[in-house]
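Student: I am attaching a structure below and will ask some questions about it afterwards.
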Amino acid sequence: MSKNNKPFHKQDLNFVFGKKNYTVMFIGLAVIALGFILMAGGGSDDPTVFNPEIYNFRRIRLAPALVLLGFGIEVYAILLNPNKK
Numbered sequence: 004m005s006k007n008n009k010p011f012h013k014q015d016l017n018f019v020f021g022k023k024n025y026t027v028m029f030i031g032l033a034v035i036a037l038g039f040i041l042m043a044g045g046g047s048d049d050p051t052v053f054n055p056e057i058y059n060f061r062r063i064r065l066a067p068a069l070v071l072l073g074f075g076i077e078v079y080a081i082l083l084n085p086n087k088k
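If you want it as structure tokens, here you go:
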């Protein structure tokens, strides 16, 4: 029997993405979450009453644009090369 002085289960902690990638991914997720938060609401307590606030600029234009921008940031974060300086 030979004795090894190395630890039994030492894992190699090489992550696929770097710190910069994860930072940009977090920013993208925050933009997506903000878009969905802006899209929420606009309902009515009484189902027989129509609330025209559901068709305002914030819910129809701004919120979906933020969600698409967030997905674009996520794609950029995935394609970003962390080793490039």
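The numbering of the sequence shown is this note's numbering, which starts it at 4 and goes up by one. Every residue, glycine too, gets a C-beta built ideally from N, C-alpha and C. Values in this document were obtained by computation on a predicted structure and should not be read as measured data.
1) Where does Thr51 sit, in a helix, a strand or coil, going by DSSP?
2) Report the rounded CA-to-CA distance for Leu71 versus Asp49, giving the unit in angstroms.
3) For Val27, count neighbouring C-beta atoms within 10 Å of its own C-beta (all shown protein chains included) and say buried if the count is 16 or more, exposed if not.
4) Buried or exposed for Ala80, please, with buried defined as at least 16 other CB atoms from any protein chain shown within 10 angstroms of its CB.
5) If you draw a straight line from the C-alpha of Pro85 to the C-alpha of Leu69, how long is it?
6) Can you check which of these residues, Thr51, Gly46 and Val52, is closest to Asn59 by C-alpha distance?
Tutor: Taking the geometry as given:
1) Residue state, collapsed to three classes: coil.
2) Roughly 32 Å separates the two Cα atoms.
3) Buried, by the Cβ-count rule.
4) So Ala80 ends up on the buried side.
5) Each residue's alpha carbon lies about 25 Å from the other.
6) Here the closest residue by C-alpha is Gly46.
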